[in-house]
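**Student:** One structure, pasted below without further comment.
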Amino acid sequence: MSGVLKHVLFNVAATIPLLRVWSAQPIGEVDDDALMADAAVGKTEAYAALVRRHHATVRAYCVRASGSQSVGDDLAQDVFLTLWQTRVQYESRGRFRSYLFTLARNACRNQIRGRARGPALLAELPDVPTDTDPLDEMVRSERRRRVHDVVARLPWAQRDALLLRYTADLEYAEIARIVGKPEATIRSRVFLGLSRLRRQLAK
Amino acid sequence: MTHRNLVQDLRARPVLLASEDTFVARVLESCKRDHAIGAAHGRASRRTLALTLLASAAALAIVGVGRPRLREHWTARGSSHRETRGVSIQTLVARDHALLPIDQASLHAGDGITVRFVNDTGERRYLAVFVVDAARAVHWIYPAYVDEATNPTSIELEPNSEPRVLAEIVEPDRPASGPLRVVSVTSREPLSVKAVESRLLDGAASASDLFPEGQVQEWRCLWTSP
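As you go down the protein sequences, you meet chains A and B in turn. Quick note on this note's numbering: the first sequence kicks off at 1 and runs consecutively. Quick note on this note's numbering: the second sequence kicks off at 204 and runs consecutively.
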């Protein structure tokens, strides 16, 4: 390759964000919007990086919201498929996580609406084991099972707010955008949800 | 139980059935299958599929903060799908995985509203969309207006030559039952929510008087939920 050509390619790569992503910046450091822009032009590696980055939170959210590991994983897979299908329409405004969890929330809500009302399925969900004492771990696991069992029985608005805040780990402003309610309303729902949760657990 | 313990328990990750690699592989496989199906059906089908899924997936609720109520006789004028000055706007109902024309439609709770547009002016334009319910209360669709302390402005429409659907599908927050009017205002400069509401409250015989700098369209439908 001639020196001139190398120089031209280097400058092109340095000035066009898409090329810069692949030529210089490690993919782990590329922000979500840039990865979506790459996915929109068909770069599956960029899309795979996005899935790897967010799958654990989305899957945890879907599992907790649906109350089932298998249903939750299927829902999470649908969420990422929908994300892929709408990648061209996505407008990069630095709100990728809000967009992603809007998809996840709607998928879970549709699933909850669609199934017959019945007992919560959360009893089947073990938590991630840790390296601590097995007895402590058992006690902790039982406590978490109870917590999530009670969460599953909370009114939808409070449950929704708690899952988005703590399981999806979103900021109040992001949740407000997703739910379409003022931030103060979301804070109040989280507060009421936690209060009710404490009361139920104390029984 | 302490607050800290409770929050830790809420944050605890459940055991996931499939490993990261397996999950990512499954997602990419489903994307690949979807792409293959879309390619077989041709471009129009692929667009329809994408829009349909978008309709089911991206619904957002809006909240009506400080909704102004309009004078009885206020009216906007326009048609269901008009092309003027190179900007074409069409409002749609997102329902059951499909996008349907809103004009004369009967809407109920769970229905979302979105916009399909073409802006072939070669320049940015700005769009505001709101609905006026039977009680003459205003509900904002675009821009999102969720906090009275803010004053968001109409959203940008980038130049485009192919019809494009906005990603956010908005569900009106319990409008009064009865006739529902959907109004869009397209302008060269952004309009703020409060400026629009102020003009609406001032009242005028027609929308063209209220927004002389913009292009106004109106669609009429019916809200049937209680």
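Just so it is clear, CB atoms sit at the ideal spot from N, CA and C, and this is done for glycine as well.
In chain B, what lies closer than 7 Å to Phe-204/A by C-beta?
**Tutor:** Residue 204/A is absent from the structure shown; chain A starts at 1 and stops at 203.
**Student:** Does any residue of chain A have a CB that is nearer than 9 Å to the CB of Arg-367/B?
**Tutor:** Taking the first residue of the second sequence as 1, we reach residue 367/B at position 164. Interface residue, yes.
**Student:** Flag this pair as yes or no: are the beta carbons of Val-58/A and Val-71/A separated by less than 9 Å?
**Tutor:** The count along the first sequence starts at 1 and reaches residue 58/A at position 58. The count along the first sequence starts at 1 and reaches residue 71/A at position 71. Their beta carbons are not under 9 Å apart, which means Val-58/A does not touch Val-71/A by this criterion.
**Student:** At what residues does the beta strand (DSSP E) containing Ala-347/B begin and finish?
**Tutor:** In the second sequence, residue 347/B corresponds to position 144, counting from 1. First-last for Ala-347/B: undefined, no H or E at that position.
**Student:** Can you pull the chain A residues whose beta carbon is under 8 Å from the beta carbon of Arg-214/B, in chain order?
**Tutor:** Position 11 of the second sequence, counted from the start, is the residue given in the question as residue 214/B. Within chain A, the residues near Arg-214/B are Tyr-166, Thr-167 and Asp-169.
**Student:** Give me the Cα-Cα distance between Val-396/B and Glu-183/A, rounded to the nearest whole angstrom.
**Tutor:** Here residue 396/B corresponds to residue number 193 of the second sequence, with the count starting at 1. Here residue 183/A corresponds to residue number 183 of the first sequence, with the count starting at 1. Each residue's alpha carbon lies about 19 Å from the other.
**Student:** For Arg-143/A, which residues in chain B fall below 7 Å Cβ to Cβ?
**Tutor:** Looking up residue 143/A in the first sequence gives position 143. Near Arg-143/A (Cβ distances below 7 Å), the residues of chain B are Asp-212.
**Student:** According to DSSP, what are the bridge partners of Gln-420/B?
**Tutor:** Against the second sequence, residue 420/B aligns to sequence position 217. Gln-420/B is bridged to Ser-387/B.
**Student:** At a cut of 8 Å, does the stretch 95-103 of chain A reach the stretch 166-175 of chain A through at least three beta carbon pairs?
**Tutor:** The stretch 95-103 of chain A is in contact with the stretch 166-175 of chain A.
**Student:** Under the three-state reduction of DSSP, which class applies to Phe-320/B: helix, strand or coil?
**Tutor:** Along the second sequence, one-based indexing puts residue 320/B at 117. Here Phe-320/B sits in strand by DSSP.
**Student:** DSSP state of His-54/A, grouped into three classes?
**Tutor:** Position 54 of the first sequence holds residue 54/A. In this structure, His-54/A counts as helix in the three-state DSSP scheme.
**Student:** Would Val-296/B and Ser-387/B qualify as a contact pair, given that the criterion is a beta-carbon distance under 9 Å?
**Tutor:** Along the second sequence, read from residue 1 onward, the residue named residue 296/B stands at position 93. Along the second sequence, read from residue 1 onward, the residue named residue 387/B stands at position 184. Cβ atoms of Val-296/B and Ser-387/B: not closer than 9 Å.
**Student:** Please state whether DSSP places Val-88/A in a helix, a strand or coil.
**Tutor:** Numbered from its first residue, the first sequence carries residue 88/A at position 88. Three-state DSSP puts Val-88/A in coil, outside helix and strand.
**Student:** Compute the distance between the beta-carbons of Leu-201/A and Val-150/A, then report whether it is under 9 Å.
**Tutor:** One-based indexing of the first sequence puts residue 201/A at position 201. One-based indexing of the first sequence puts residue 150/A at position 150. Yes; because the gap between Cβ atoms is below 9 Å, this pair is in contact.
**Student:** Is the CB of Pro-182/A under 9 Å away from at least one CB in chain B?
**Tutor:** Taking the first residue of the first sequence as position 1, residue 182/A is located at position 182. So, interface residue.
**Student:** Quick one: which chain A residues come within Cβ less than 7 Å of Phe-333/B?
**Tutor:** Numbered from 1 along the second sequence, position 130 holds the residue referred to as residue 333/B. Those within 7 Å of Phe-333/B in chain A number zero; the least Cβ separation is about 15 Å.
**Student:** Who are the near neighbours of Ser-282/B in its chain, counting only those whose CB is closer than 6 Å to its CB and skipping five residues on each side?
**Tutor:** Here residue 282/B refers to the residue found at position 79 of the second sequence. No answer about Ser-282/B holds up, because its pLDDT of 36 lies below 50 and its placement is not dependable.
**Student:** When the distance is taken between beta carbons, is Gln-307/B closer than 9 Å to Arg-423/B?
**Tutor:** On the second sequence, position 220 is the one that residue 423/B refers to. On the second sequence, position 104 is the one that residue 307/B refers to. Going by C-beta atoms, Arg-423/B is nearer than 9 Å to Gln-307/B.
**Student:** Just to check my reading of the structure: Glu-371/B and Arg-327/B have Cβ atoms closer than 8 Å, yes? What is that Cβ distance to the nearest angstrom?
**Tutor:** Taking the first residue of the second sequence as position 1, residue 371/B is located at position 168. Taking the first residue of the second sequence as position 1, residue 327/B is located at position 124. Contact doesn't hold; Cβ gap of about 18 Å is too wide.
**Student:** With a threshold of 9 Å between beta-carbons, can Pro-119/A be considered close to chain B, or not?
**Tutor:** One-based indexing of the first sequence puts residue 119/A at position 119. Note that Pro-119/A has pLDDT 33, beneath the 50 cutoff, so the model's placement of it is unreliable and the number below is only indicative. Pro-119/A does not count as touching chain B.
**Student:** Between which two residues does the beta strand (DSSP E) harbouring Gln-293/B extend?
**Tutor:** Sequence index remark: in the second sequence, residue 293/B carries index 90 (1-based). It spans 290-298 - the beta strand (DSSP E) in which Gln-293/B sits, taken as one unbroken run.
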